[in-house]
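Heads up: the sequence shown runs through residues 3 to 219, numbered per this note's numbering.
We put the beta carbon where it would ideally sit given N, CA and C, even for glycine.
Take a look at the structure below.
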Amino acid sequence: MKILHVTCSPRGEASESYRLSKNIIGFLLKAHPAATVINRVVGGDVLSAIDEPYAISQQASADVTEAGSIARSDALIEELQQADVLVIGTPMHNFTVPSTLKLWIDHVARVRRTFNVGAQGKTSLLQDRPVYVAVSSGGRFSGVTPRQPDFLTPYLKAVLGMIGLHDVNFFSVEGTAMGPDAVAAARHKTGQALQDHFSAYPSVEADDPSNQTLLTP
Ligand SMILES: Cc1cc2nc3c(=O)[nH]c(=O)nc-3n(C[C@H](O)[C@H](O)[C@H](O)COP(=O)(O)O)c2cc1C
3 MKILHVTCSP RGEASESYRL SKNIIGFLLK AHPAATVINR VVGGDVLSAI DEPYAISQQA
63 SADVTEAGSI ARSDALIEEL QQADVLVIGT PMHNFTVPST LKLWIDHVAR VRRTFNVGAQ
123 GKTSLLQDRP VYVAVSSGGR FSGVTPRQPD FLTPYLKAVL GMIGLHDVNF FSVEGTAMGP
183 DAVAAARHKT GQALQDHFSA YPSVEADDPS NQTLLTP
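Laid out in C-alpha cells, this is it:
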C-alpha cells in the first residue's frame, strides 16, 4: 500500500498540521505496517507557478506539450494516481487552504488528465481512494460556535470530488492561537476522534517491520 503524504505548512515539521497528519499516518501504518509513505512537501517555494504552456493545455482543443510546468504536473498526477491513500496536512490561511496547497491542486486538477468537461459538466477521471485531511487553525471554524467562515473544507471536498476523490475525512486541531491549554484540549479531542475512526478500520496486511518511508525531492 502507498500513502501519499502532502504537506504545505511554512513551519514544516514543527507545524501542527504536520503533527496531526503524522498521527493519521501512524494509525494507517498500524493497520498496514508494510505501507510505503511518500512525503510530498509543497510548502515554501517548492512548486513553481503554473505557466503559459500549462494554461494553454487547459483550453478546449489544446495540443499537449511537455513544456514548462506540464512535466511537473504529469509527475504529481502520476504520484497521486499510484497512491492508495492520500493524507494532506494543511493549516487554514485566510479561511481556506494556503496558496502552496492551492498550487499543488492546480497541478493535479487538470482537464483531460484527472477530469473531463462535457455536456453534463465535469466528470472525474481518478479512481476513488480514501483521503485524510489534517487541518490546523488559529481560531475555531467548526462546532456550534465557529468564530469564522470555513471555505477550506467545502473547497477541498468540491475540488477533490471533481477529480474523483469522494471519501474525504477531515480532522482538525483548532484554536492554536488560544494558548497551550486550548491546544492541549484540541489535540486530545482530535486524538479521540482519530481513535474512534480507526477502531473500525480494517487491518489488511500482515505485520511487517520493514516500513519504508520515501523522502521525495
Ligand atoms: C497567512 C496566514 C493566514 C491565516 N489565516 C487564518 C485563518 O483564516 N483562520 C485561522 O483560524 N487561523 C489562521 N491563521 C493561523 C494558522 O491557521 C494557525 O497558526 C495554524 O495553527 C498554523 O498551522 P501550522 O502549524 O500547521 O502551520 C493564519 C496564519 C497565517 C500565517
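Within its own chain, the residues whose Cβ lies closer than 7 angstroms to the Cβ of residue 159, once the five positions on either side in sequence are excluded, are 170, listed in chain order.
Short of 6 angstroms from the beta carbon of residue 139, and not among the five residues preceding or following it, lie these beta carbons of its own chain, in chain order: 94 and 176. A Cβ-Cβ distance of about 16 angstroms is found for the pair residue 167 and residue 108, leaving them out of contact under the 8 angstroms criterion.
At the C-beta level, residue 7 and residue 89 come within 7 angstroms of one another. Annotation: the continuous alpha helix (DSSP H) that includes residue 55 extends over 54–59. Between residue 98 and residue 120, the alpha-carbon positions lie close to 28 angstroms from each other. Taking non-hydrogen atoms of ligand 1 into account, the C-beta of residue 18 is found less than 6 angstroms away from one of them. Between the alpha carbons of residue 43 and residue 62 lies a distance of about 31 angstroms.
Inter-segment contact for the region 145–155 and the region 184–195 is absent: fewer than three beta-carbon pairs are separated by less than 8 angstroms. Within the same chain, Cβ atoms closer than 6 angstroms to the Cβ of residue 117 are found at 124, 126, 127, 164 and 165, the five residues on either side in sequence being excluded.
Just so you know, the alpha carbons of residue 32 and residue 179 end up roughly 31 angstroms apart. The region 7–94 contains, as complete beta strand (DSSP E) runs of 3+ residues, the segments 38–43 and 87–93 (chain order).
With 16 or more other Cβ atoms inside 10 Å of its own Cβ, residue 18 counts as buried. Set against 6 angstroms, the gap from the CB of residue 97 to the closest heavy atom of ligand 1 is smaller.
In this structure, residue 46 has its CB at a distance of at least 6 angstroms from all heavy atoms of ligand 1.
Of all alpha-carbon atoms in 24, 9 and 34, the one lying nearest the alpha-carbon of residue 100 is that of 9.
CA-CA distance, residue 143 to residue 161, rounds to 20 angstroms. Listed in chain order, the non-local C-beta contacts of residue 113 below 7 angstroms within the same chain comprise 60 and 119, local neighbours out to five positions each way being set aside.
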